[in-house]
Structures are given as C-alpha cells and as structure tokens.
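The next block holds one structure in the form of structure tokens; read it before the comments.
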Amino acid sequence: MEALLAAVIGLLTAAGIYMLLRKRTFPVIVGLALLSYAVNLFIFASGRVVAGLPPILAPDAAAYTDPLTQALVLTAIVISFGMSAVIVVLAIGAYLETGSDGIDMTDAPSDRDGPAA
Amino acid sequence: MNHWIIVPVVLPAILAGLTVLAMRGDLVLQRVFGLGGTVALGGVALALLVAADANPPEVYRLGDWPAPFGIVLVLDRLAALMLTLTAFLALCVQLYVIGTGWDKRGRHFHALFGFQLMGLNGAFLTGDVFNLFVFFEVLLIASYGLMIHGGGRERLRAGVQYVTFNLVASTLFLFGLATIYSVTGTLNMADLAIKAATLPEGEAALLRVAGLLLLIVFGIKAALVPFHFWLPGTYANAPGPVAALFAIMTKVGAYSILRVFTLILPPSTPATGALYADILLPVALVTLAVGALGVLGARTVGRMVAFAAVASMGTLFVAVSQFTPAATTAALYYVLHSTLATAALFLIADLILARRGDLSLAEARPAFAGSGLIAWLFLGATVALAGMPPLSGFLGKLMILEVARDQMALVWSVILVTSLLMIVGFAQAGSTVFWKSHALPADHREADTAALPFVSVGLLLAAIVALTVLAGPVMGYLSATSASMWDPGPYIAAHALPEG
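Those protein sequences? They're chains A and B, same order as listed.
Position 16 of the first sequence, counted from 1, bears residue number 16 in the numbering used here, the numbering being contiguous throughout.
Position 100 of the second sequence, counted from 1, bears residue number 100 in the numbering used here, the numbering being contiguous throughout.
This is the structure:
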C-alpha cells in the first residue's frame with residue numbers, strides 16, 4: 001500500500017508541476033489543484049499508513065492511527081479550497097478585464113503607466 | 001495566563017468581521033473603527049513589548065490544552081518587537097489611505113486590512129509551525145484582496161501571478177511540514193527544538209530536506225534570489241499604500257527564518273549543521289546585487305522602490321546568514337529600519353503618482369504642485385534606504401559590515417558597491433522626477449492639499465530619525481532579544497512540556 005500511495009503522490013505532483021508550467025491561467029489553476037491533492041495525501045501519509053484502526057478513543061481498540069494528520073489534512077483542504085476559489089475569481093476577472101488569459105505579463109508596456117482608476 | 005497575548009489576533013479579526021457585516025455602506029464608520037482598532041492594537045503591542053522585556057517568554061494555551069498537544073501562542077521579545085513594528089506601520093498606512101481616499105476606490109479596504117493584521121500578528125505570535133502556515137494563509141488571502149484593491153488591467157494580471165506564486169509556496173510549506181512531522185512526530189516549535197537536537201542519525205536526511213523546503217518557502221516570502229521574481233511586479237502594481245504595508249510581508253519571511261533557524265534548526269543541530277548558513281550567505285549577496293542593479297535599471301519609480309526592497313532583504317540576510325547573536329542583533333535593527341524606509345518610499349512614490357500622473361523615469365514631466373516638499377521626503381527616504389549617513393540605514397549597514405568582518409573581502413565589497421549603485425539609481429530617479437521637470441513649462445493642475453498623507457510619511461521618517469537618535473536604547477533591547485533567541489532554554493521551559 002505504501003508503494004501505491006507514494007506512486008500516486010508522485011504522479012499527482014508531476015502532473016501538477018507540468019500543468020503549472022503552462023502559459024494560460026486555466027491549466028495553471030488545474031496544476032495548483034493537483035499539487036494540493038498531492039500534498040493532502042502526503043500529509044495523510046506522514047502519520048504512517050495503517051489500515052482499519054480508529055483515530056480516536058474506542059473501548060475495544062488495540063492500536064490507533066494518528067489522528068493529528070487527519071486534522072491537518074482537513075485544515076489544508078479547507079484552505080486550498082478557499083484559495084482555489086480566490087484564484088479562479090481573480091483569473092476570470094483578469095480575463096474579462098484584459099481579454100487574454102495568459103499568465104505572463106510580457107505585453108505590459110510598463111507598470112503603473114497611469115493613475116489607477 | 002496573560003490574556004492580552006491573544007488580543008493582537010482577536011481584535012483585528014472581530015473588527016474586520018464587524019466592518020464587513022455591519023458597516024458595509026458607511027465609509028466614515030469603517031475609518032473610525034479601522035483607525036481606532038489599529039491605535040488600540042498599537043497600545044496592546046507596546047504593553048506586550050514592555051511585558052516581554054520584563055518577564056521571561058510566556059505561553060498562551062489556546063483552549064487550555066497543554067503543549068505540545070494544544071496550539072500555543074508565545075510572547076517573547078522577538079514577537080513583541082514585530083507586533084509593535086506591524087502596528088506602527090499599519091497606523092501610518094491607514095492614515096495615508098484615509099488622507100488620500102484610497103479606501104474609496106474599491107470596497108472592503110478596512111476589512112481586508114484588519115484580516116491582514118490578524119494574519120501578521122498571528123504569524124509573529126504562534127508557537128506552532130502548522131499554525132504558522134495557517135496564519136500565513138490568513139495574511140495572504142487578505143493580501144490578495146488588498147493587492148488588487150481598486151482594480152485595473154495590469155493590477156489584476158500582476159495579482160494572478162502573485163497569487164499563483166504564493167499558492168505554490170503554500171504547497172511547498174505543507175510538504176515541508178508533513179516531512180518534519182513524519183520525522184519528529186510534533187509540530188510545536190519548542191518540542192521540535194528538543195526533538196531535532198536529539199534526532200537519531202538515520203533520520204537526519206529527511207530533516208535536512210524538510211529544513212530546506214522551509215528555507216525555500218520563507219525565501220519566497222522574503223524575496224530571496226532566485227525566488228524574488230514575484231516581488232517587483234507585485235509591489236509596483238499594487239496600490240501604493242498596500243505596497244507600503246507589504247514592506248512588513250517580506251519581513252514575515254525574515255522573521256520565520258530567524259525563528260526556525262535559531263530555535264529549531266540552529267547551526268549547532270548535529271543533524272543539519274551549518275547547511276542553511278552556507279546557502280544563505282551567497283543567496284543574500286546575489287539578492288543584494290540583483291536588487292541594486294534593479295534600482296539602477298528601473299524604468300518607473302514603483303519598480304525602483306520594489307527593487308530597493310529586494311536589495312534591503314539581501315542586506316538583511318547577509319546579517320541573518322552569519323548566525324551569531326551579534327549578527328542577529330544587527331539583522332533585527334535592519335528589519336526595523338528597512339521596513340520603515342521601504343514603506344515610506346512606497347508612500348512617496350504614490351504621492352508622486354497622484355500628482356505627476358505617472359511614474360515613468362524615461363523622460364522628465366512638467367513640475368507638479370508640492371514637488372518641493374515631496375522632493376525633500378524622497379531625499380530623506382532614499383538616504384535612509386541607500387544606507388548613507390546620518391540616518392539609520394547607515395548604522396544598520398555599519399553593524400552588518402562589522403559582524404561580517406571575517407569575510408571582509410567578499411561581503412564588504414558587495415555591500416559597498418551595491419550601496420553605490422543604489423545611490424546612483426536613486427539620484428538619477430530623483431533628478432528626473434524633481435530637477436529636470438523645472439526646465440519644462442509648469443503644469444497648472446489642481447493641487448491635492450490634503451495634509452494627512454504628509455503626516456503619515458512624516459511619521460515614518462520621524463520613526464527612522466528616532467531609530468537613529470535612540471540607537472543606543474534600541475540596540476539594548478535588540479541585543480537582549482537576540483541573546484534570548486540564541487539561548488532558547490527559557491522559551492522551551494515556558495511550554496512546560498511533558499518529560500520524554
């Protein structure tokens with residue numbers, strides 16, 4: 001199971017980095033999402049992978065799995081969800097404003113060329 | 001427990017929430033509560049500063065769960081110092097925003113500002129590395145909103161880049177934290193300090209990797225080369241006062257590096273040794289060089305100030321990378337100085353933008369109303385930032401040169417040459433904006449006569465002067481601070497960790 005989990009994390013990370021290097025905002029956002037999935041699994045695995053054990057006190061439990069990493073993953077999921085929402089809205093805003101969804105700023109003539117609206 | 005410790009986190013959070021919910025349509029009310037909150041925050045921060053100086057580090061257990069199981073906030077000298085700096089900077093920025101009406105150009109400025117302060121204060125106070133991540137996210141998500149405040153084409157595009165860069169950094173942060181947890185089984189900083197010092201040989205490689213990941217993450221925040229790319233575009237396109245507030249954001253990276261690599265992974269840790277110091281020194285020197293060249297080559301005032309911020313981070317990290325108590329003292333002094341000086345210069349750039357119409361350095365524009373006073377302010381701030389006497393930048397650089405005495409040939413030459421480059425760059429910009437303009441026919445635009453923005457810039461410059469004049473007492477506090485950072489015994493003991 002460790003090998004499978006490690007392979008999945010590696011695959012997700014590789015795919016995420018590939019997408020992150022694209023030039024348009026949508027693939028980049030997908031790449032960020034894939035990376036956040038990878039890191040969530042990674043945090044989960046950092047508490048050691050065990051099967052079928054309870055995370056919190058149970059009267060008949062012989063052993064426990066680490067509950068802390070599960071709490072950390074929950075926090076990380078919530079945060080990455082919120083951040084994804086922010087960047088999607090921002091990317092749509094930038095697309096509507098500029099008419100292009102490129103992530104680079106090469107066609108910018110210069111910064112702060114005029115007083116902000 | 002001293003409940004005042006949590007006030008810097010809770011107060012801005014409550015006020016910001018109230019601002020969104022109850023004062024949405026009323027700008028005057030927002031301003032009153034925003035400013036009142038920041039003043040109150042300043043008072044609390046000062047009280048905590050005095051308390052931290054008098055008492056050993058104090059732990060605040062959230063929900064009264066004992067460390068390392070519960071999350072703790074820790075008040076020590078370093079945290080109190082950063083809180084006070086943040087509150088003062090926030091006050092100046094807020095006065096400026098109210099004076100110039102920046103908060104009218106978009107919605108929810110004061111609410112976002114409050115959440116930003118909550119994240120900053122939390123990051124400085126927390127005693128748990130995962131909690132540090134959470135507060136990083138709080139301050140970042142507020143900064144995303146502030147960065148695109150007012151909208152506009154270039155600002156939105158720069159905003160997308162800024163957010164993307166920081167999301168990648170957050171992911172790396174999580175990878176680093178999970179690695180640390182898998183090696184040590186704890187995320188409490190004091191507990192980590194004990195566990196890292198006694199780590200068995202076989203686990204050292206993982207801890208080194210985790211430390212490096214954290215170094216990269218904090219380096220991104222602190223705009224160290226090669227992770228500085230986001231800074232010039234972001235800061236030059238952000239609203240001027242927001243860029244001024246962001247002067248403290250790079251210092252969050254510096255603070256985190258100082259905290260993690262003196263408390264948890266100091267050079268005396270057998271598992272990691274001087275690995276991080278060896279990386280940081282060359283990185284700092286290259287950052288300094290890139291920043292200074294950027295100042296020299298920038299085509300707008302905004303980008304020039306942003307590169308000056310990069311250069312100041314380089315100078316700061318030359319001191320940090322020495323990893324000795326004396327060098328840490330110098331670094332802390334430079335943190336105070338460069339935050340104030342960078343913020344002042346960003347505000348001055350915004351003053352120029354509002355009057356001159358643009359910030360281009362390509363050619364001179366007609367003289368604008370009030371250019372005389374602004375030129376003096378510009379002179380003061382650039383003298384401070386370039387490190388010329390008589391202001392605090394000179395003292396700061398002098399101390400950094402002093403602590404880097406054993407690498408004189410390399411470090412001294414880089415710092416001195418880059419200082420010269422920055423002086424030339426600032427002088428060029430100043431003469432284009434202020435001097436050459438007088439050769440052109442005057443521009444009879446309606447002058448903005450609001451005094452509050454000048455009060456705000458004046459306060460920042462006055463603080464720089466105070467930092468110079470009162471360098472003796474300030475250094476006394478800072479040496480005590482760095483001494484306590486390099487002797488973490490009381491910090492760890494305050495947690496009352498269980499044995500074993």
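A virtual CB, placed ideally from N, CA and C, is assigned to each residue, including glycine.
No experiment lies behind these values; they were computed from the predicted model shown.
Option nearest residue i by Cα separation, candidates the options
i: Ile43 of chain A; options: B:Ala178, B:His110, B:Leu29 and B:Gly159; result: B:Ala178
i: Val20 of chain B; options: B:Phe33, B:Trp412 and B:Pro8; result: B:Phe33
i: Tyr162 of chain B; options: A:Ala91, A:Thr98 and A:Leu96; result: A:Ala91
i: Ser321 of chain B; options: B:Met82, B:Pro473, B:Leu275 and B:Gly119; result: B:Leu275
i: Asp76 of chain B; options: B:Ser413, B:Tyr235, B:Phe88 and B:Phe124; result: B:Phe124
i: Ala289 of chain B; options: B:Ala308, B:Ser437, B:Gly370 and B:Leu139; result: B:Ala308
i: Phe81 of chain A; options: A:Leu11, A:Ser36 and A:Glu2; result: A:Ser36
i: Met517 of chain B; options: B:Val417, B:Glu203, B:Leu41 and B:Ala471; result: Outside the shown range of chain B (1 to 500) lies residue 517 of chain B, about which nothing can therefore be said.
i: Leu41 of chain A; options: A:Val28, A:Thr13 and A:Pro59; result: A:Thr13
i: Val97 of chain B; options: B:Pro68, B:Ala13, B:Leu120 and B:Leu27; result: B:Leu27
i: Ser437 of chain B; options: B:Leu452, B:Thr418, B:Ala466 and B:Ala369; result: B:Ala369
i: Thr418 of chain B; options: B:Pro441, B:Leu359, B:Ala466 and B:Thr287; result: B:Thr287
i: Gly17 of chain B; options: B:Leu296, B:Phe135, B:Phe113 and B:Trp412; result: B:Phe113
i: Gly122 of chain B; options: B:Ala311, B:Val252 and B:Thr449; result: B:Val252
i: Arg505 of chain B; options: B:Trp230, B:Pro232, B:Gly176 and B:Met189; result: What the structure shows of chain B is the stretch from 1 to 500, and residue 505 of chain B is not part of that stretch, so it cannot be assessed.
i: Leu345 of chain B; options: B:Ser456, B:Leu293, B:Ala451 and B:Ala327; result: B:Ser456
i: Leu187 of chain B; options: A:Leu96, A:Ala71, A:Ile56 and A:Ala51; result: A:Ala71
i: Gln428 of chain B; options: B:Pro498, B:Arg61, B:Gly294 and B:Leu73; result: B:Gly294
i: Ala33 of chain A; options: A:Gly93, A:Pro55, A:Glu97 and A:Ala85; result: A:Ala85
i: Leu224 of chain B; options: B:Pro66, B:His149, B:Leu316 and B:Leu410; result: B:Leu316
i: Ala277 of chain B; options: B:Leu215, B:Ala247, B:Gly291 and B:Leu332; result: B:Leu215
i: Val411 of chain B; options: B:Leu81, B:Ala284 and B:Pro8; result: B:Ala284
i: Ser439 of chain B; options: B:Leu385, B:Ala364 and B:Leu35; result: With the sequence shown as reference, residue 439 of chain B is identified as Ala, and Ser is not the correct amino acid for it. Closest option to Ala439 of chain B, Cα to Cα, is B:Ala364.
i: Leu46 of chain B; options: B:Val310, B:Trp4 and B:Ala210; result: B:Trp4
i: Ile79 of chain A; options: B:Gln116, B:Phe136 and B:Ala306; result: B:Phe136
Supposed close pair residue i, residue j - CB separation, criterion 8 Å
i: Ile348 of chain B; j: Leu377 of chain B; result: 5 Å
i: Leu213 of chain B; j: Leu172 of chain B; result: 6 Å
i: Thr339 of chain B; j: Leu395 of chain B; result: Not quite, the Cβ-Cβ distance comes to about 15 Å (not below 8 Å), so this is no contact.
i: Thr503 of chain B; j: Ala197 of chain B; result: With chain B running from 1 to 500 in the structure shown, residue 503 of chain B is simply not present.
i: Met313 of chain B; j: Thr250 of chain B; result: 6 Å
i: Ala87 of chain B; j: Gly42 of chain B; result: 4 Å
i: Ala343 of chain B; j: Leu459 of chain B; result: Not a contact, Cβ separation roughly 10 Å.
i: Glu504 of chain B; j: Val183 of chain B; result: Absent from the structure is residue 504 of chain B, since the part of chain B shown begins at 1 and ends at 500.
i: Ala142 of chain B; j: Gly119 of chain B; result: 6 Å
Limits of the unbroken beta strand (DSSP E) element including residue i
i: Gly58 of chain B; result: Before going on, a small fix: residue 58 of chain B reads as Glu here, not Gly. Note, Glu58 of chain B: beta strand (DSSP E), Glu58 to Arg61.
Strand pairing of residue i, partner residues [DSSP]
i: Val74 of chain B; result: B:Val59
i: Ser170 of chain B; result: Ser170 of chain B pairs with nothing; no bridge assigned.
i: Thr300 of chain B; result: B:Ser360
i: Asp128 of chain B; result: B:Asn188
Alpha helix (DSSP H) segment containing residue i, residue limits
i: Ile103 of chain A; result: First-last for Ile103 of chain A: undefined, no H or E at that position.
i: Ala238 of chain B; result: That residue, Ala238 of chain B, is in no alpha helix (DSSP H); it is neither H nor E in DSSP.
i: Asp502 of chain B; result: The displayed coordinates of chain B run from 1 to 500. Any statement about residue 502 of chain B would go beyond what the structure contains.
i: Ser36 of chain A; result: Thr25 to Ser46
i: Arg355 of chain B; result: Pro325 to Arg356
i: Asn121 of chain B; result: Phe109 to Leu125
i: Ile5 of chain B; result: Element bounds for Ile5 of chain B: n/a, residue is neither H nor E.
i: Met485 of chain B; result: Ala471 to Trp486
i: Trp376 of chain B; result: Ser371 to Ala386
i: Leu57 of chain A; result: From DSSP, Leu57 of chain A is part of no alpha helix (DSSP H); its letter is neither H nor E.
i: Arg208 of chain B; result: Ala204 to Lys221
i: Asp419 of chain B; result: It should be noted that the sequence gives Ser, not Asp, for residue 419 of chain B. Counting along the chain, the alpha helix (DSSP H) containing Ser419 of chain B begins and ends at Ser413 to Gly430.
i: Phe394 of chain B; result: Ser392 to Val403
i: Val260 of chain B; result: Looking at the DSSP string, Val260 of chain B is not in any alpha helix (DSSP H), and its letter there is neither H nor E.
i: Glu2 of chain A; result: Glu2 to Leu20
i: Ile492 of chain B; result: Gly489 to Ala493
Closer than 7 Å: residue i CB and nearest the ligand NAP heavy atom
i: Ile220 of chain B; result: Among the components of this structure there are no ligands whatsoever, and the ligand NAP is therefore not found.
Contact with chain C by residue i, beta-carbon distance below 8 Å
i: Val134 of chain B; result: Included in the structure are the protein chains A and B, with no chain C among them.
Discussion item. Quick check: the region 487-497 of chain B against the region 129-137 of chain B, are at least 3 beta-carbon pairs closer than 8 Å?
Written reply: no
Fill in: Three CB pairs or more closer than 8 Å across the region 151-168 of chain B and the region 40-53 of chain B
no
Worksheet item: Per the contact definition of three or more C-beta pairs closer than 8 Å, is the region 346-360 of chain B in contact with the region 286-302 of chain B?
Response: yes
Fill in: Stretch pair the region 469-478 of chain B + the region 402-410 of chain B: three plus CB contacts closer than 8 Å
no
Discussion item. Check whether the region 318-336 of chain B and the region 379-398 of chain B are in contact - that is, three or more C-beta pairs closer than 8 Å.
Written reply: yes
Discussion item. Count Cβ pairs between the region 215-228 of chain B and the region 247-266 of chain B that sit closer than 8 Å; are there 3 or more?
Written reply: yes
Worksheet item: Taking contact to mean at least 3 C-beta pairs separated by less than 8 Å, is the region 89-104 of chain A in contact with the region 21-32 of chain A?
Response: yes
Worksheet item: Contact between the region 63-83 of chain A and the region 43-55 of chain A: three or more CB pairs below 8 Å?
Response: yes
Discussion item. With three or more C-beta pairs closer than 8 Å as the rule, is the region 358-365 of chain B touching the region 425-432 of chain B?
Written reply: yes
Worksheet item: Does the region 225-241 of chain B come close enough to the region 180-198 of chain B that 3 or more CB-CB pairs lie under 8 Å?
Response: no
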